[in-house]
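Undergrad: Residues in the sequence shown are numbered consecutively from 617, following our numbering.
The structure under discussion is supplied below as structure tokens; questions concerning it will follow.
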Amino acid sequence: MNRLTSAALPTCTPTIDRHAVAPLAPCGLFAPLHYERNYAYPLVVWLHDDDQDEQRLRAVMPHISMRNYVGVAPRATIGVSTPRGNQRRYRWPVAERHLPAVEQRVFAAIEQAEARFHIAAHRVFLAGTGAGGTMALRLALHAPERFAGALSAGGGLPSEGAPLARLLHARRIPLWFACGADGDADYTRQVCDNLRLLHAGGFEVTLRQYPAAHAAVMLRDGLADQPMSRQVLADMDRWIMDLITGARATAPARTANRAAR
Numbered sequence: 617m618n619r620l621t622s623a624a625l626p627t628c629t630p631t632i633d634r635h636a637v638a639p640l641a642p643c644g645l646f647a648p649l650h651y652e653r654n655y656a657y658p659l660v661v662w663l664h665d666d667d668q669d670e671q672r673l674r675a676v677m678p679h680i681s682m683r684n685y686v687g688v689a690p691r692a693t694i695g696v697s698t699p700r701g702n703q704r705r706y707r708w709p710v711a712e713r714h715l716p717a718v719e720q721r722v723f724a725a726i727e728q729a730e731a732r733f734h735i736a737a738h739r740v741f742l743a744g745t746g747a748g749g750t751m752a753l754r755l756a757l758h759a760p761e762r763f764a765g766a767l768s769a770g771g772g773l774p775s776e777g778a779p780l781a782r783l784l785h786a787r788r789i790p791l792w793f794a795c796g797a798d799g800d801a802d803y804t805r806q807v808c809d810n811l812r813l814l815h816a817g818g819f820e821v822t823l824r825q826y827p828a829a830h831a832a833v834m835l836r837d838g839l840a841d842q843p844m845s846r847q848v849l850a851d852m853d854r855w856i857m858d859l860i861t862g863a864r865a866t867a868p869a870r871t872a873n874r875a876a877r
């Protein structure tokens, strides 16, 4: 059974473990079912949406895959008190000047996963929803040599700074987007603008559309068990495995081009 354990408790090969990367910077770890220490696993780095925390890992990873990956979820860097004041939720910063602190936290979380599990260093995938999806794209574009792909459910390209400043290096990294087919006009326009920009830059982009107003909404609190949310997460698994096995489908890219016109 999946569970979270405190850093102060003995670590007895838990399926999901939570412990500090550094003081005040905890993360969640997910061990695949029937973990085999002699096999180098791909790593999914999950970046939660705003007003959530690293515990979202235990809701999403079982629906991505129970067996295929090790998972790790760093906590966002900005703490926010809830209205009742007895809980804390966390948000990712928007300003470009905060990116080094976010990178440090994410890379520290990856190091924690590598210390606990056998990880294939060339198969580290960034994934997230909403603001976490946008941050996944920002980090992947800024340090493409560190990641094998980036996935965003409901999060668009970052608007701050110069996200494509490393274009010649960044366009080697494949990108996956999930969006709602019933979004409002501004949201639909943003998706189309993002696709045009990325295709003009020579990126390999996969777009998945789902019958919901906004893809990120499907994965928020308590919704990871809904059928459409499970579909989004299962599609993430298929896309990652296609990259790993070399069975990349070309149809999604053509679909994305049509949506951008």
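Here a beta-carbon is modelled for each residue, glycine too, at the ideal position from N, C-alpha and C.
Is there a Cβ of chain B sitting closer than 8 Å to that of residue 791, yes or no?
TA: Although the question refers to chain B, the structure presented lacks it and comprises just one protein chain.
Undergrad: Return the bridge partner residues of residue 768 from the DSSP annotation.
TA: 744 and 793
Undergrad: So what's residue 803 in DSSP terms, helix, strand or just coil?
TA: helix
Undergrad: I'd like the list of long-range same chain contacts for residue 859, defined as Cβ closer than 7 Å, with 5 residues on each side in sequence excluded.
TA: 764, 765 and 790
Undergrad: According to DSSP, simplified to helix, strand and coil, what is residue 734?
TA: coil
Undergrad: Here's a check: name, in chain order, each residue in its chain whose Cβ is nearer than 7 Å to the Cβ of residue 853, leaving out the five neighbours to either side.
TA: 680, 681 and 684
Undergrad: Select from 650, 652 and 668 the residue whose C-alpha is nearest the C-alpha of residue 643.
TA: Ranking the options by Cα distance to residue 643, first place goes to 668.
Undergrad: Out of curiosity, what's the CA-to-CA distance linking residue 788 and residue 818?
TA: 9 Å
Undergrad: Below 8 Å on the Cβ atoms is my guess for residue 740 versus residue 661; work out the distance and round it to an integer in Å.
TA: 6 Å
Undergrad: Pull up the distance between the alpha-carbon of residue 596 and that of residue 812, whole angstroms please.
TA: Lying before the first or after the last residue shown, residue 596 is absent from the chain, which here runs from 617 to 877.
Undergrad: Using DSSP with H/G/I as helix, E/B as strand and the rest coil, what is residue 861?
TA: helix
Undergrad: Quick one: what's got a C-beta closer than 7 Å to residue 691's C-beta in the same chain, skipping five residues either side?
TA: 641, 642, 643, 669, 670 and 706
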